[in-house]
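First comes the structure, then the notes that go with it.
Protein chains: 2
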Amino acid sequence: MNERLKKLSSWMKENGIDVCFLTSPDNVFYLSGYFTDPHERLLGLAVFQDEEPFLVLPAMEKNDALQSGWAHEIIGFTDTENPWEMVHTAAAKRLQKNASKVAIEKEHLNVERYEELMKLFPDAKQFVSAEEKMRSLRLVKDENELKALREAAALADYAIEVGASEISEGKSELEVLAAIEFELKKKGVSQMSFSTMVLAGQNAASPHGNPGQTKIKKGDFVLFDLGVVVDRYCSDITRTLAYGDVSDKQKEIYDTVLKAQLAAIEAGKPGTPCSAVDLAARSVITEAGYGEYFPHRLGHGLGINIHEYPSVTETNPLKLEEGMVFTIEPGIYVPGVAGVRIEDDVHVTASGLEILTKYPKELQIIK
Amino acid sequence: MNERLKKLSSWMKENGIDVCFLTSPDNVFYLSGYFTDPHERLLGLAVFQDEEPFLVLPAMEKNDALQSGWAHEIIGFTDTENPWEMVHTAAAKRLQKNASKVAIEKEHLNVERYEELMKLFPDAKQFVSAEEKMRSLRLVKDENELKALREAAALADYAIEVGASEISEGKSELEVLAAIEFELKKKGVSQMSFSTMVLAGQNAASPHGNPGQTKIKKGDFVLFDLGVVVDRYCSDITRTLAYGDVSDKQKEIYDTVLKAQLAAIEAGKPGTPCSAVDLAARSVITEAGYGEYFPHRLGHGLGINIHEYPSVTETNPLKLEEGMVFTIEPGIYVPGVAGVRIEDDVHVTASGLEILTKYPKELQIIK
Chain A
1 MNERLKKLSS
11 WMKENGIDVC
21 FLTSPDNVFY
31 LSGYFTDPHE
41 RLLGLAVFQD
51 EEPFLVLPAM
61 EKNDALQSGW
71 AHEIIGFTDT
81 ENPWEMVHTA
91 AAKRLQKNAS
101 KVAIEKEHLN
111 VERYEELMKL
121 FPDAKQFVSA
131 EEKMRSLRLV
141 KDENELKALR
151 EAAALADYAI
161 EVGASEISEG
171 KSELEVLAAI
181 EFELKKKGVS
191 QMSFSTMVLA
201 GQNAASPHGN
211 PGQTKIKKGD
221 FVLFDLGVVV
231 DRYCSDITRT
241 LAYGDVSDKQ
251 KEIYDTVLKA
261 QLAAIEAGKP
271 GTPCSAVDLA
281 ARSVITEAGY
291 GEYFPHRLGH
301 GLGINIHEYP
311 SVTETNPLKL
321 EEGMVFTIEP
331 GIYVPGVAGV
341 RIEDDVHVTA
351 SGLEILTKYP
361 KELQIIK
Chain B
1 MNERLKKLSS
11 WMKENGIDVC
21 FLTSPDNVFY
31 LSGYFTDPHE
41 RLLGLAVFQD
51 EEPFLVLPAM
61 EKNDALQSGW
71 AHEIIGFTDT
81 ENPWEMVHTA
91 AAKRLQKNAS
101 KVAIEKEHLN
111 VERYEELMKL
121 FPDAKQFVSA
131 EEKMRSLRLV
141 KDENELKALR
151 EAAALADYAI
161 EVGASEISEG
171 KSELEVLAAI
181 EFELKKKGVS
191 QMSFSTMVLA
201 GQNAASPHGN
211 PGQTKIKKGD
221 FVLFDLGVVV
231 DRYCSDITRT
241 LAYGDVSDKQ
251 KEIYDTVLKA
261 QLAAIEAGKP
271 GTPCSAVDLA
281 ARSVITEAGY
291 GEYFPHRLGH
301 GLGINIHEYP
311 SVTETNPLKL
321 EEGMVFTIEP
331 GIYVPGVAGV
341 RIEDDVHVTA
351 SGLEILTKYP
361 KELQIIK
């Protein structure tokens with residue numbers, strides 16, 4: 001077993017867990033090295049205290065899983081086979097006695113599969129969550145992970161550079177978006193972290209607007225929120241650029257967001273609670289009178305998943321630790337006036353934060 | 001309440017269900033008209049037998065939900081509020097007595113939320129699945145849905161046209177893919193149904209390969225599998241084109257897949273079981289000696305979701321009915337030789353099938 005699996009097995013022994021059955025593509029990837037999105041089909045990784053783990057996945061993916069380097073058993077099922085019977089047989093072979101405690105991903109496993117697992121392990125008195133453990137395993141990134149995260153961040157910077165160069169009178173949000181993704185694909189990027197956002201003018205004043213046929217015009221803010229996946233690790237950047245001269249009110253909003261973002265970066269170092277990082281930014285915005293227009297948390301952890309631990313909210317007491325990676329992304333959205341968000345990906349070092357995304361943050365006015 | 005909600009309420013009355021709590025973005029959209037992907041945050045639609053339904057979603061989306069036309073209550077929660085308490089209060093206001101039977105989406109609801117709902121409705125003796133009902137509501141498409149599906153299919157045809165024109169010596173899969181998505185975005189497409197596949201040569205011999213830096217060379221099959229979302233409805237097309245002369249073996253594989261695909265189309269009409277449609281194609285492939293190289297079902301339903309009912313497998317007895325929309329996509333993947341798949345979206349009419357995707361299927365050899 002690899003080191004990550006060994007850590008999980010140790011945790012299982014400490015907690016008397018007989019079987020851990022993981023189903024989320026990201027946790028299965030983290031532990032097995034094989035990534036797949038099986039859509040509605042089952043994907044599972046069964047881990048035991050001492051016995052060999054196994055993967056269960058659609059038969060058509062078996063070859064890919066083998067080639068990914070997974071050295072243990074792989075159970076492939078076709079669309080007409082019942083994968084649960086196969087899981088049952090494989091687990092029974094490994095277990096000395098009926099499982100009495102099973103760990104699952106309660107935030108991922110659906111009720112239907114939960115009911116199947118309860119039938120499979122009828123003597124299980126407890127189904128506990130494996131998620132806190134998986135989060136703590138994944139919370140601190142190793143050097144390989146940081147390498148991927150840095151590359152993903154550099155490509156996100158490049159994407160903003162392309163976006164900035166594409167801004168011009170009358171061009172639609174989707175045209176700019178298409179140009180960005182086209183240039184990224186030419187660089188070998190095969191996946192974005194999430195649907196790329198290019199929002200112009202009033203559209204940017206919605207914290208989760210959707211890009212469309214809105215055309216860029218003088219006096220607009222143009223908000224880019226995007227990320228790139230490199231070796232399965234995500235980046236996430238937001239920059240807000242001005243096209244032509246913007247009003248004093250718009251500038252005030254921009255300056256407030258930037259000041260808040262820099263305050264949060266200043267606050268981040270090992271030992272600081274997430275809440276203090278959020279509040280460092282939030283208090284700047286509140287003091288400037290925009291508190292009600294910043295309706296979301298400061299940021300979120302980043303890794304295999306675009307949203308992972310830690311959650312950087314004003315109430316999370318979790319202390320920062322070397323190796324954590326998360327976003328810092330305050331925003332102010334005033335309907336009818338302007339929407340501004342500035343987001344960086346940061347990595348906690350021994351003394352503070354390493355900023356992974358490096359695109360400039362001073363207000364850039366494109367003429 | 002709209003007609004769809006009324007149908008669900010009638011079903012609840014017939015089955016003595018007090019509350020239906022739906023959580024999947026597609027079912028919430030189908031019933032409410034509001035679509036959002038809330039990521040890890042809660043999205044819920046609560047429906048009652050007679051009382052007013054309500055939506056629960058992140059506070060930052062409340063305005064968008066209002067603007068989508070939803071006429072009933074919307075509960076918005078911030079990242080620091082507990083949405084379950086809010087759901088509890090809103091449900092208690094509506095219910096005359098404690099709920100004893102609750103419907104949920106067992107394939108979507110996760111165990112953590114299931115446990116929250118069990119706490120919310122402590123007297124509920126039964127949690128039943130709402131999914132079969134939702135599938136039967138969604139299985140037959142209305143004229144508005146068909147309009148979106150036809151437009152989405154026409155754009156998928158256009159995407160293949162672009163892809164075909166981009167094939168040339170030494171171009172990478174990702175370069176072709178980028179060109180396709182660039183042209184689509186210029187036409188106003190903001191979302192693909194799933195990650196676009198452009199697979200060249202040996203890569204196409206994996207039924208779920210991933211596009212990368214592989215360069216197209218003479219004698220390759222190039223497989224395109226892609227879809228476009230229009231008004232939230234998905235298309236899904238696969239075409240396999242030849243670049244330069246291909247071997248007799250490759251042609252034999254292509255002809256077999258095409259013959260199988262046409263046989264399935266010929267078999268499809270109201271009253272025919274899904275299994276018979278699958279087997280019409282499968283038997284052509286098996287008789288040609290390639291049975292073991294066709295490892296997946298013939299197709300899947302299509303609508304708001306890229307994979308929905310019906311599942312067109314060799315064992316599904318469900319009979320086709322006017323208004324159903326699904327894919328027909330046989331494939332043969334012989335490692336080291338070739339991978340070919342041909343896929344259309346079809347709509348069941350009174351007399352047979354309307355083919356929504358219209359890009360030609362005869363073997364096209366690009367010189």
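Chains as they are written, first to last, in our numbering: chain A, 1 to 367; chain B, 1 to 367.
Glycine included, each C-beta is placed from N, C-alpha and C at the ideal position.
All values derive from a computational prediction rather than experimental measurement.
Who are the near neighbours of residue i in its chain, counting only those whose CB is closer than 8 Å to its CB and skipping five residues on each side?
i                : result
Glu362 (chain B) : Leu258
Lys449 (chain A) : Lying before the first or after the last residue shown, residue 449 (chain A) is absent from chain A, which here runs from 1 to 367.
Glu61 (chain A)  : Thr36, Pro38, Gly76
Thr313 (chain A) : Cys274, Ser275, Asp278, Arg297, Leu298
Thr240 (chain A) : Ala204, Phe221, Val222, Leu223, Phe224, Tyr254, Val257, Gly339, Val340, Arg341, Ile342
Ser9 (chain B)   : Met1, Val47, Phe48, Gln49, Asp50
Gln213 (chain A) : Ser172, Glu173, Leu174
Asp218 (chain B) : This sequence places Lys at residue 218 (chain B); Asp is not what is there. So the qualifying residues of the chain are Glu169, Tyr243, Gly244, Asp245.
His307 (chain A) : His300, Gly301
Asn305 (chain A) : Asp26, Cys234
Below 9 Å on C-beta distance, what does residue i contact in chain A?
i                : result
Phe182 (chain B) : Ala178, Ala179, Glu181, Phe182, Lys185
Using DSSP bridges, identify the partner residues of residue i.
i                : result
Ser172 (chain B) : B:Lys215
Leu241 (chain A) : A:Val222
Gly299 (chain A) : A:Val312
Met192 (chain B) : B:Val228
Leu45 (chain A)  : A:Leu22, A:Leu55
Phe127 (chain B) : B:Val102
Gly331 (chain B) : B:Arg341
Cys234 (chain A) : A:Val229
Asn110 (chain B) : A:Asn110
Glu378 (chain B) : Absent from the model: residue 378 (chain B). The displayed extent of chain B is 1 to 367, so no value can be given.
Glu354 (chain A) : A:His347
Lys319 (chain A) : A:Pro273
Give me the chain B residues within the contact set of residue i, using Cβ-Cβ distance strictly less than 7 Å, ordered along the chain.
i               : result
Ala59 (chain A) : Pro295
His39 (chain A) : His307
Beta-carbon within less than 6 Å of residue i's beta-carbon, same chain only, minus the 5 sequence neighbours each way: which residues are those?
i                : result
Leu309 (chain B) : The amino acid at residue 309 (chain B) is misidentified as Leu; the sequence shows Tyr. Arg135, Leu139, Gly301, listed in sequence order.
Ala280 (chain A) : Ala263, Ala264, Ala267
Lys215 (chain B) : Gly170, Ser172
Ala179 (chain B) : Glu166
Gly16 (chain B)  : Lys101
Asn98 (chain A)  : Asp123
Pro83 (chain B)  : Leu42, Val56, Phe77
Ile74 (chain A)  : Leu55, Lys62, Ala65
Arg94 (chain B)  : Phe48, Glu51
Lys319 (chain A) : Gly271, Pro273
Less than 7 Å between C-beta atoms, sequence neighbours within five positions excluded: which residues of the same chain meet that for residue i?
i                : result
Lys7 (chain B)   : Leu137
Val228 (chain B) : Ala152, Leu155, Ala156, Ala159, Leu184, Val189, Met192, Ser193, Ser235
Phe21 (chain A)  : Gly44, Ala46, Val102, Ile104, Leu117
Gly33 (chain A)  : Ser68, Gly69, Trp70
Gly291 (chain B) : Ile285
His88 (chain A)  : Leu120
Glu145 (chain A) : Tyr233, Gly303
Name, please, each residue of chain B whose Cβ falls closer than 9 Å to the Cβ of residue i.
i                : result
Gly188 (chain A) : Ser172, Leu174, Gly212, Gln213
List, in order along the chain, the chain A residues whose C-beta lies closer than 7 Å to that of residue i?
i                : result
Gln191 (chain B) : Ser195
Thr80 (chain B)  : Thr313, Glu314, Thr315
For residue i, which residues in chain B fall below 8 Å Cβ to Cβ?
i               : result
Asn63 (chain A) : Ser206, Pro335
If you measure beta-carbon to beta-carbon, which residues of the region 198-216 of chain A are closer than 9 Å to chain B? If the cut-off is 9 Å between Cβ atoms, the region 198-216 of chain A has Ser206, Pro207, His208, Gly209, Asn210, Pro211, Gly212, Gln213 near chain B.
Beta carbons nearer than 9 Å to chain A: which residues of the region 98-121 of chain B have them? Against chain A - using a Cβ distance shorter than 9 Å - the residues of the region 98-121 of chain B are Ile104, Glu105, Lys106, Glu107, His108, Leu109, Asn110, Val111, Glu112, Arg113, Tyr114, Glu115.
The region 314-336 of chain B: positions lying closer than 9 Å to chain A by Cβ: Within the region 314-336 of chain B, the residues whose Cβ lies closer than 9 Å to any Cβ of chain A are, in chain order, Glu314, Thr315, Tyr333, Pro335.
For the region 69-108 of chain B, list the alpha helix (DSSP H) runs that are entirely contained and at least 4 residues long, ordered along the chain. Considered as a whole, the region 69-108 of chain B harbours 83-94 as its complete alpha helix (DSSP H) runs of no fewer than 4 residues, in chain order.
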